[in-house]
Amino acid sequence: MDAIILAAGKGTRLRPHTETVPKPLLPVQGRPILDWIVGALPPVERLVVVVNYLAEQIEAYLASQTHVTNWATVRQSEPLGTGHALMSCAAEMRGDRVMVLNGDDLLGRADLARLAEVPAGILAHPVQAPKDYGIIFQNLDGTLKQIIEKPDGLEPPQLANIGAYVFPRSVFGYTLPKSPRGEYEITDAVAQCAAAGPFRVVPATYWLPIGNVPQWEAAQTADVRPAT
Ligand code: G1P
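Residues 10 to 237 in this note's numbering are what the sequence shown lists, from first letter to last.
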């Protein structure tokens, strides 16, 4: 299995802190967010990090870390969305599956290990604000039925997409539609995979979202042991 970490974004919700440091390199308890994520990965053949904004800093970090030796970066020079970022990595893939992670939240090592066991799937964690997330609906057998992006009017709690997926290599053969916001969305790649075969919903026991400055500040004193 390979891994892709999406780390090209501008981190606008973390401004002004992201004006000189890309969000994946903001520290949480003394370690860059990206270092927590790379350190929590299950064993992978190859790690590809999608970069653009302040890319040189992320490349310098990757050159200095010791978790993964076989890594590369792919430059996403246009902000065409997470689905476009995924597809940009096609030529760098080596394995039969790929784990794809958002580069900006802390995830649990044990949860990623469980996700790595399924042929195709997505981590899910309950949230109290469904309108801020992609909300996951399951079939009775625990496979994915549908993800609805940022729905209005749903009673909490709901199960959210926390930005961790395993795709079969066949995902790189899909053609993604342009979404209403003019981007190619990774959730459309999930929908196409789920239509082609079982896509497991894997419950996550841990998730430390760092979506805004108060969450980043709270992370400095949060229990991060599950991410180690
Ligand atoms: C993205 C996904 C959404 C998911 C969220 C997790 O949203 O589109 O499904 O719940 O990440 O952080 P974004 O953060 O781009 O608004």
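Even glycine gets a Cβ: it sits at the ideal position worked out from N, Cα and C.
Asked                                                                                                        : Found
Cys98 and Ile13 closer than 7 angstroms at C-beta                                                            : yes
Through-space distance from His134 to Ala203, alpha-carbon basis                                             : 19 angstroms
Contact set for Phe208: own chain, Cβ-Cβ below 8 angstroms, skip 5 residues either direction                 : Ala129, Gly130, Ile131, Thr152, Leu153, Val199, Cys202
Three-pair Cβ contact test at 8 angstroms for the stretch 212–224 versus the stretch 105–114                 : yes
Ranges of the beta strand (DSSP E) found wholly within the stretch 159–225, counting only runs of at least 3 : 167–177, 209–212
C-beta contact flag for Ala17 and Val60 at 7 angstroms                                                       : yes
Length of the line joining the Cα atoms of Pro160 and Lys140                                                 : 5 angstroms
Residue from Ala227, Arg178, Ala122, Ala169 with nearest C-alpha to Gln155                                   : Ala169
Between the CA atoms of Val53 and Ala122 - distance to the nearest angstrom                                  : 11 angstroms
Boundaries (first-last residue) of the beta strand (DSSP E) holding Thr91                                    : Thr91 -> not in any beta strand (DSSP E); alpha helix (DSSP H) instead, spanning 91–96.
6 angstroms CB neighbourhood of Gly48 in its chain, flanking five on each side removed                       : His76
Pairwise C-alpha distance: Val127 and Val175                                                                 : 8 angstroms
Straight-line gap, Glu87 to Pro41 (C-alpha atoms, nearest Å)                                                 : 25 angstroms
Sub-7 angstroms separation of Ala213 and Leu110 beta-carbons                                                 : no
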